[in-house]
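In the working numbering, the protein residues as written are 2 to 198.
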């Protein structure tokens, strides 16, 4: 016989009873209840796709800094509403970018936006929705006819695809001047504000 030196030994026993689930009653109308749930379940799957229609991003642009005209004198800013942006003369540039195939971009000239606010600075600091900031010279507006595009190939730009506003240069017309990393930085998207300096 083996000595246990104070340890308790346990003999494992298995309970031979089986676990039973809830008692199911045979209901001859149970299938009717299940059938009634079919339309409800179908709506649960269809409803999200019905409301997933593409939403149009609102066009808005704030311009401040060295400007003669403001729409909000208390904050020295000219706030362009969507209606005001769309009322500006429309121009197109057909070009490729580092991020897009050759496409037709539509929007007002940056020069027309600056003219509307009476801008008198030499540089434009561009601010975006994702907190990117880049500065371009005002002289680019006359040299390249830069546009602030709100559509690409006839489709309104969304935040997920460079919108709502995308600064477009005619890169294909000036390949030696508008190619490479320094030029790519000028193609600013998701624009929300301009500060004229």
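Beta carbons are placed, not taken as given, at the ideal position from N, Cα and C, and that holds for glycine.
Round the Cβ separation of residue 187 and residue 168 to the nearest angstrom and send it over; I've been treating them as touching at under 8 Å.
-> Mapped onto the chain shown, residue 187 falls at position 186. Mapped onto the chain shown, residue 168 falls at position 167. That pair is a contact at about 7 Å.
For the alpha helix (DSSP H) holding residue 182, just list the boundary residues, first then last.
-> Taking the chain shown and counting its residues from 1, one reaches residue 182 at position 181. That run of the alpha helix (DSSP H) goes 182-185.
For residue 73, name the three-state secondary structure that DSSP assigns.
-> Counting from 1 along the chain shown, the entry for residue 73 is found at position 72. Three-state result, residue 73: strand.
Cα separation between residue 113 and residue 90?
-> Position 112 of the chain shown holds residue 113. Position 89 of the chain shown holds residue 90. One C-alpha to the other measures close to 8 Å.
Write down every uninterrupted run of the beta strand (DSSP E) in the stretch 132-171 whose length is 3 residues or greater and which is fully enclosed by it, in chain order.
-> 134-138, 148-150 and 167-169
How would you write the range of the beta strand (DSSP E) that residue 1 sits in, first residue to last?
-> The chain is shown only over 2 to 198; residue 1 falls outside these bounds and no answer can be derived.
Beta-carbon gap between residue 195 and residue 64 smaller than 8 Å = Mapped onto the chain shown, residue 195 falls at position 194. Mapped onto the chain shown, residue 64 falls at position 63. Result yes, Cβ atoms of residue 195 and residue 64 sit closer than 8 Å.
Tell me whether residue 123 sits in a helix, a strand or coil according to DSSP, three-state version.
-> Along the chain shown, one-based indexing puts residue 123 at 122. Here residue 123 sits in coil by DSSP.
Take the Cβ of residue 109 as the centre, count every other Cβ of all protein chains shown within 10 Å, and call the residue buried at 16 or more, exposed below.
-> The residue labelled residue 109 in the question sits at position 108 within the chain shown. Per the 10 Å Cβ criterion, buried.
Can you have a look at residue 159 and say buried or exposed, based on whether 16 or more other CB atoms are within 10 angstroms of its CB?
-> Numbered from 1 along the chain shown, position 158 holds the residue referred to as residue 159. So residue 159 counts as exposed.
To which residues of the same chain is residue 67 closer than 8 Å at the C-beta, ignoring the five residues directly before and after it?
-> Reading the chain shown from its first residue, position 66 is the one you call residue 67. So the list reads 120, 121, 122, 197 and 198, once near-sequence residues are dropped.
Secondary structure of residue 116, DSSP reduced to three states | Looking up residue 116 in the chain shown gives position 115. Reduced to three states, the DSSP call for residue 116 is helix.
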